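Listed in order, the protein sequences are those of chains A, B and C.
Under this note's numbering, read the first sequence as residues 1002 to 1235, first letter to last.
Under this note's numbering, read the second sequence as residues 191 to 339, first letter to last.
Under this note's numbering, read the third sequence as residues 45 to 619, first letter to last.
Here a beta-carbon is modelled for each residue, glycine too, at the ideal position from N, C-alpha and C.
These figures come from a predicted structure and were not determined experimentally.
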Amino acid sequence: MRAFLLLLLSLFLFSFANTGSTGIPPNESRTVGKKLPDVELIDYTGRLLRLSELSGKPVILNPIYTHCTSACPLMTKELKRVLPLIGKAGRDFYVISLTFDPQDGVEDLKRFVQREGIGEPGWFVVKARDGSELFKLLDAIDFRFATLPGREFVHPNVLVFLSKDMKIVKYIYGVNYDPLDMRLALGMAKGETSPLAVLRPYLFFIGLAGLSLTSVLLVVLLSKKKRIQAKAGI
Amino acid sequence: MDRAERNATLLALFMLSFFFGLVVYAAKGLKIDLPTCITDVQPFKVGKLIRHAPDRYELHVVAKMWFFDMNEGQTRVEVPRGSVVDIYLTSADVVHGFHINDTNVNLMAVPGTVNYARVKFDRPGTYHVVCHEFCGIGHQDMAAQIVVK
Amino acid sequence: MRVSGSIRFILLSEIVFPILLLSFGVYHGVLQVLYRAGIIKANSVLGIEYYQGLTLHGVINAIVFTTIFIVAFGNGVVLYLLKKPLRPAVQWLSWLLMFGGTLMASWAMFSGKANVLYTFYPPLIAHWSFYVGAVLLVVGSLVPFFLDWIPNYLAWKRENTDKKMPLAVFGVFVNHILWFIMVIPVAIELIFQLIPLSLGIVKDINPLLARTLFWFFGHPVVYFWLLPAYVMLYTMLPKLISDKGKLYSDTAARLAFILFLMFSLPVGLHHQFTDPGISNSWKLIHAFFTFLVALPSMITAFTVAASMEYSAKREGGEGIFYWWTKLPYLRLEGDRWLFSYLFAGLILFFVGGITGIVNASYNVNLTVHNTAYVPGHFHTTVGGLSLLAFLGMSLYMLSKLKGVEVKFKGLAAVAPYIWVQGMFMFSYAMMVGGALEGFPRRTNTGLSYLNPDSPLYRPEWVGYAQLSVVGGFLLGLAFVFFLVSFLATLFAPNGQEPKLEFPIAQAYHDTPSPVLNNLKAWTLASVLLAVLSYLPALYDVTQRGIFYNSPAYHDKSPVPITPTETSQLDKEVKD
């Protein structure tokens, strides 16, 4: 019993350990489970594409900006390495590399595709049709960025997993991806649930209950010991 | 403890947990949250108002003794009604405060690090900004305006 | 209990000196409402600047006056209840440290070298003597606890193995344990950050770390001011109502003290809700503990009300409400006048406690942080119950140590009620103006925002500022009433034998409570909880995120006084 409570206490403390993200991390509690709006996108060939056209398969959404020289190429390379290990883009899932720089045009997308050597069927490199469409989508995944001098950006490095019906399922942070994590996330996007994911929104309250119960238990134990000592005349 | 005392204590506990529950609900459910730790936005040296979309702005504010640099030295900026503004705030010297009246934007500007808040301006009018942390002899003159049209 | 010789002198000076200093503090308080309302449109009056006066008001009223008085009160209670003589050597050491420190810091403040306000946030920097003075004052206030009170208690315990620690001594001990724990981080801030920076030994420091260390101290310190008042409410208030008056429950009182010891410390982040660089999850946890620390105050509200009812019924009060008429609201025989101080303080604290919940409420704090709401709130707690209890007890102890009756007793007994009226007006104006209109605190608004000739003129704040002037005037008047009585008592010829005694009431419900009396264990638990709750915050402000150190600034110039060759930020930009 006591071990269980201590476990809850440690869960409480570690549930706040941040996931090592950069920039302002998305607040997952506000987005996970929500459906994305059906925004209009333009891919690197200039073709208009609606997000809803991709429903039916899980989607991995990766926000980037095209003239990025650090994190975005790293994430893209890592995706190229890991994706074949978990399935085939276009058959098992779709991938979207979305530029969030409002000033990026189709030409910038093309250059990005050539530089990174991507663009296989099922991997879409897109921009939003205009600013308002872009921010509709970014707000839906709570993606925030800060502009630096020279049109550079500080932004979270994140993959967003969407289910078949365009609901947000899971965020994965960083620039290195573990195939196992990716497979699990993809499984969740396909509709397999894990008990941990169900519990996660309530972690704070579980932890709070754990903390309170632990302290009550400690007080009770402490008083019991004292009472025994008092009885024994120590 | 006798019964009255126990009941009073329980009542107090109940009231406090009720209030705290409401606070958590407001933070997590109604999305009214506090500034948090931003890990890698470099402190900047010039204020800037950046327009991303017709209703999307980024406002970089540098608080200095004794004015707010809101946009390359200006202390007054204009944004259209309904705009969502991401505010990044830093200080060039000592600790300053940043409070936009009639909004939930209430930030401390601490030198060497960046603070952040997002605000949506729904009502047109002039929003007054005051420095609300003592920052030296000119503290009472440190103010700025955000005009929403 | 007879007192004489150097102990009597030390106790007397520890009461008189803070009150004299407090007169300066109150004078600057009254000036401030005038400045803020634009009645004085100036940077300075009689050579003292607005922000200098604000520093004096904060440091003298909240740190110097309270600390020295609490030591005097603790000395008195321990001496009277344990009946063990105090050691003159220890007391003189403490006296020299506290008074020397106060004089050093006062010199820095009065000469305008320390216009940094009570919170002394770096990188605004004061003269080093301000910080050294603060350290000496704090060390001096701890000396009697470790070298006098604890040894005396242990000696008393050996003779009274079957008795538990008297409640008043228990409260005083809990308070000083709390004080000892909370001053450690602020001492670290002073010794490793501020003193080296003010001497120019280091060129720059991390300002956010300094803020975090300060608020580790800055919130628990309000309980350090509050607990002595609670000791008076629990042990003395019933006896002032009736000679047969009793405390309702001894266990509840001890429980309240222990809860304060536990939960006073992990709450400091609620002063930093709007700070950058600290994860808001930790802010929420500190908000949770802040709610918990409201619990002992609520228990106290019940216990004190129940004690008042019990004691008033011994005086013939009846029914559910009729006993209210038997309270000695304004009675002058004997020591009954002291009741008006504690009762008036209670009324204000009722407001203060409730408004404090607003500050603690995480996101609600966004609407009030650093607005005039905050001073509006804490003037009803520290400027309410704490101050009134301390003033009353100062006058009481003075009269006992002089061996005379209080002079101008009527004035003294009326003063707290005028104070309450003034404070209601002042706090209402500040709180409503702050919360609804964003009226800022700590600002010489008369020069800009409340000056019709200024481009920054904000007419919506005028009414609030004017109401606070009326309140401030009443507060000043109440203090003058008190001061007249205090000085007249001080300069009255010595009466009978000087002695020290307190009207200590017995408890109505009194059960043995060995768990609550185990102070050692609770102290350990409290330290553990405080450390646990602060580790992540300290990690956040030193390791996570970007933090550049900052050089020191003087309040008059935007040019750093400890310039670094190139600041870290410049270096980063070059890279």
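Check	Outcome
Would you mind working out which of C:L253, C:F304 and C:L56 sits nearest C:D319, comparing C-alpha positions?	C:L253
Any C-beta of chain B sitting closer than 8 Å to the C-beta of C:F348?	According to the sequence shown, residue 348 of chain C is Val rather than Phe. Chain B, which has no Cβ nearer than 8 Å to the Cβ of C:V348, makes this no.
Please name the residues in the region 242–253 of chain C whose beta-carbon is closer than 8 Å to at least one beta-carbon of chain B, in chain order.	N250, P251 and L252
Given A:S1016, which residues of its chain have a CB within under 8 Å of its CB, disregarding the five upstream and five downstream residues?	Residue placement at A:S1016 is poorly supported in this model, since its pLDDT is 47, which falls under 50; the coordinates are not used for a value here.
Step through the CB atoms of chain A and report whether any lies within less than 8 Å of the CB of C:K618.	For C:K618, the predicted structure reports a pLDDT of 47, less than 50, and the residue's modelled location is therefore unreliable. The matter cannot be settled from this model.
Taking the Cβ atom as the reference point for each residue, do A:L1135 and B:A282 lie within a distance shorter than 8 Å?	no
According to DSSP, is C:M475 helix, strand or coil?	helix
Let me know the alpha helix (DSSP H) ranges lying completely inside the region 433–513 of chain C, each 4 residues or longer, listed in chain order.	453–481
Is C:R485 close to chain B? Criterion is C-beta to C-beta, closer than 8 Å.	yes
What separation, rounded to the nearest whole angstrom, lies between the Cα atoms of C:S577 and C:G244?	33 Å
Are the region 186–197 of chain C and the region 530–537 of chain C in contact at 8 Å, needing three or more beta carbon pairs?	no
Note down, in chain order, each residue of its chain lying with its Cβ closer than 6 Å to the Cβ of C:Y94, except the 5 sequence neighbours on either side.	Y79 and N488
To the nearest whole angstrom, what separates the beta carbons of B:S273 and B:D292, a pair I think is in contact under 8 Å?	Not really, about 15 Å apart at Cβ, beyond 8 Å.
So if I threshold CB-CB distances at 8 Å, which residues from the region 215–245 of chain B count as touching chain C?	A216, A217, I222, D223, L224, P225, T226, C227, I228, T229, D230, V231, Q232, P233 and K235
Quick one: is B:N305 buried, meaning 16 or more other Cβ sit within 10 Å of its Cβ, or exposed?	buried
Can you name, in chain order, every residue of its own chain whose Cβ lies under 7 Å from the Cβ of B:M255, other than the five neighbours on each side?	D283, V284, C325, G326 and G328
Would you say C:E557 reaches chain B, if we count a Cβ-Cβ gap shorter than 8 Å as a contact?	Reading off the sequence shown, one finds Ser at residue 557 of chain C, where the question assumed Glu. So no, C:S557 is outside the interface.
With C:K128 as the anchor, note down where its alpha helix (DSSP H) starts and where it stops.	No alpha helix (DSSP H) holds C:K128; DSSP gives it neither H nor E.
Can you give me the C-alpha to C-alpha distance between C:W326 and C:W381, rounded to a whole angstrom?	46 Å
Counting only beta-carbon atoms, is A:S1071 nearer than 8 Å to chain C?	no
Quick one: complete alpha helix (DSSP H) runs, 4+ long, within the region 1021–1054 of chain A?	1029–1032
Give the secondary structure of A:N1019 by DSSP, where H, G and I count as helix, E and B as strand, and everything else as coil.	At A:N1019 the pLDDT is 43, less than 50, meaning the model places this residue with poor confidence; the figure from the coordinates comes in the next sentence. The answer is coil: DSSP assigns A:N1019 none of H, G, I, E or B.
Report the option in A:E1193, A:G1047 and A:P1038 whose CA atom is closest to the CA atom of A:V1127.	A:G1047
Which of the residues in the region 304–332 of chain B, read from start to end, lie with their CB under 9 Å from any CB of chain A?	V304, Y306 and R308
C:K288 and C:R202: beta carbons closer than 8 Å?	no
Does the count of Cβ pairs from the region 114–130 of chain C and the region 331–339 of chain B closer than 8 Å reach three?	no
For C:N407, return the contacting residues in chain B, with the cut-off set at a CB-CB distance below 7 Å.	V213, A216, A217, I222, D223 and L224
Under 8 Å by Cβ, that's how I've got A:L1110 and A:T1100 pegged, so tell me the actual separation to the nearest angstrom.	7 Å
So if I threshold CB-CB distances at 7 Å, which residues from the region 146–166 of chain C count as touching chain B?	L161 and Y165
Look up B:E248 in the DSSP assignment and give the residues it is bridged to.	B:I240 and B:D276
Hey, would you say B:G237 sits closer than 8 Å to B:D223, going by beta carbons?	no
For B:Y278 and chain A, any beta-carbon pair shorter than 8 Å?	yes
Is B:E248 close to chain A, meaning its C-beta is less than 8 Å from at least one C-beta of that chain?	yes
Comparing C-alpha positions only, which one of C:S601, C:R502 and C:L65 sits nearest to C:V103?	C:L65
Restricting to Cα atoms, I'd like to know which of C:L181, C:V179 and C:S323 is closest to C:Y583.	C:S323
What are the start and end residues of the beta strand (DSSP E) that includes A:N1158?	A:N1158 -> no beta strand (DSSP E), and no H or E assigned at all.
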